[in-house]
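Per our numbering, the sequence shown starts with residue 4, numbered consecutively. Below is one structure, written out as structure tokens; the observations come after it.
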Amino acid sequence: MRNPQLNGDGSLQHLLTIEGLPREVLVHILDTAASFIGVTEREVKKVPLLRGKLVFNLFFEASTRTRTTFEIAAKRLSADVINLNITVSSSTKGETLLDTVDNLSAMHADMFVVRHSSSGAAHLIANHVASHVHVINAGDGRHAHPTQGLLDIYTIRHYKKDFSALSVAIVGDVLHSRVARSLIHALTTLGAPDVRVIGPRTLLPTGVEQLGVSVHHDMREGLADCDVVVMLRLQNERMKGPLLPSAQEFFKSYGLTPQKLALAKPDAIVMHPGPMNRGVEIDSSVADGPHSVILPQVTFGIAVRMAVMSILAGN
Ligand code: ASP
């Protein structure tokens with residue numbers, strides 16, 4: 004089947020998932036993002052790359068960091084940005100997703116940034132819109148969150164430089180995490196040799212080894228000598244029925260405390276996509292401690308989203 008993300012010449016038409024994207028495309032996005040870091044730090048934080056373009060932020064599910072940083076990224080590129088919080092708008096009146104998209108397309112949309120609770124929503128839109136319109140998946144169900152995966156590897160590259168000898172541990176609710184899936188695809192594509200997932204059996208997808216990761220149920224074993232620890236939130240809103248005895252029990256076994264972090268390398272970094280639940284998956288002393296790069300992840304997210312938008316727009 005044709006990869007709907009890529010044009011015939013291999014350039015990006017949409018960004019829907021990291022799965023199947025060639026290494027060169029990932030590296031090009033990371034390098035472009037690096038070139039935008041300077042822009043985001045100077046006094047006049049704008050470049051004209053998307054001047055005259057109309058970007059719709061189409062969020063059918065709540066978001067703080069992702070929606071805001073997409074908006075900032077589009078504005079830094081000089082685009083016009085319209086934010087739509089559809090949970091309180093037309094879908095509550097019964098309009099279908101594609102009818103909403105058609106109406107916004109009739110307003111001359113150039114780009115849609117889409118978040119939806121259903122896996123595949125962004126693909127559906129990408130297959131529907133005219134060929135000059137670009138679609139970015141900002142999180143679809145538990146399937147993919149490609150710009151989060153990209154900002155995660157940007158952060159890892161910033162602090163660790165080289166992927167070829169890297170041990171990365173991803174901890175917690177991998178089962179419901181689109182962030183984990185996107186990050187695993189990114190890391191394996193970039194050649195990270197040791198990617199581990201750690202969690203209780205009930206929160207790891209069956210067959211996750213097939214993505215090229217090792218599976219651990221014990222933090223002592225899973226965190227040993229790793230360079231990067233990525234903590235995930237318990238995604239209670241996606242759980243059908245009780246998968247855990249309690250949040251306290253989870254914290255005891257899998258919550259990242261200074262004692263557990265001491266199992267990793269002394270210069271290990273700690274990441275979290277947010278929103279963070281202190282005392283559930285991470286202790287405050289770790290979240291706010293010297294190993295944490297959780298806030299830099301947010302800042303890098305702006306440059307990474309600028310890079311994706313400007314590459315899609317053909318720059
Ligand atoms: N913000 C991330 C997401 O949208 C992670 C999370 O919600 O836990 O998937």
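Backbone N, C-alpha and C fix where the C-beta goes; we use that ideal spot for every residue, glycine too.
Item	Value
Inter-stretch contact at 8 Å, needing at least 3 Cβ pairs: the region 274–288 / the region 39–46	no
Beta bridge counterpart(s) of H137 as assigned by DSSP	M114
Chain-ordered list of residues that sit, by beta carbon, closer than 7 Å to a heavy atom of the ligand ASP	S66, R68, T69, G142, H148, Q151, S180, R181, V182, L235, R236, Q238, P276, G277 and P278
Contact the region 41–57 vs the region 9–21: 3+ CB pairs below 8 Å	no
Residue span of the beta strand (DSSP E) that contains N88, given as start and end	D83 to N88
Straight-line Cα distance separating V296 from L259	14 Å
Simplified DSSP state of L190, which is helix, strand or coil	helix
Spatial distance of D12 from P203 (CA atoms)	43 Å
Segment limits, alpha helix (DSSP H) that includes H385	This structure gives no information on residue 385, because the portion of the chain shown stretches from 4 to 318.
Same chain, Cβ closer than 6 Å to F166, five either side skipped, listed in chain order	L193, G194 and A195
Cβ-based burial, R236 [other Cβ within 10 Å; buried from 16]	buried
Sub-8 Å separation of S185 and R118 beta-carbons	no
Backbone CA spacing between V84 and H220 [nearest angstrom]	44 Å
Between the CA atoms of M110 and L298 - distance to the nearest angstrom	36 Å
Coil, strand or helix - M4 by DSSP	Below a pLDDT of 50, predicted positions are generally treated as unreliable, and M4, at 49, falls in that range; the measurement from the model is reported next regardless. Of the three classes helix, strand and coil, the one that applies to M4 here is coil, per DSSP.
The region 20–34 in contact with the region 225–244 per 3-pair CB rule at 8 Å	no
G142 in three-state terms, based on DSSP	strand
Separation of T191 from T72, as counted between CA atoms	26 Å
Beta strand (DSSP E) segments (min. 3 residues) lying fully within the region 234–292	272–274
Limits of the beta strand (DSSP E) - the one that R45 falls within	First-last for R45: undefined, no H or E at that position.
Residue closest to A172, alpha-carbon to alpha-carbon, out of G215, N130 and K164	G215
Nonlocal neighbours in the same chain, by C-beta distance under 6 Å from G210, ignoring five residues either side	none
Secondary structure of F59, DSSP reduced to three states	strand
Residues bridged to R199 (per DSSP)	A172 and S217
Spatially closest choice to R199 from V231, F253, T90 and H179, by CA coordinates	V231
Between the CA atoms of P7 and D113 - distance to the nearest angstrom	17 Å
Residue environment, A77, which counts as buried when at least 16 other CB atoms sit within 10 Å	buried
Residues that H119 bridges to, as DSSP identifies them	D143
Three-state secondary structure (DSSP) of V211	helix
Beta-carbon proximity of A306 to A36, cut-off 8 Å	yes
Residue from N60, H126, L80 and F59 with nearest C-alpha to N318	L80
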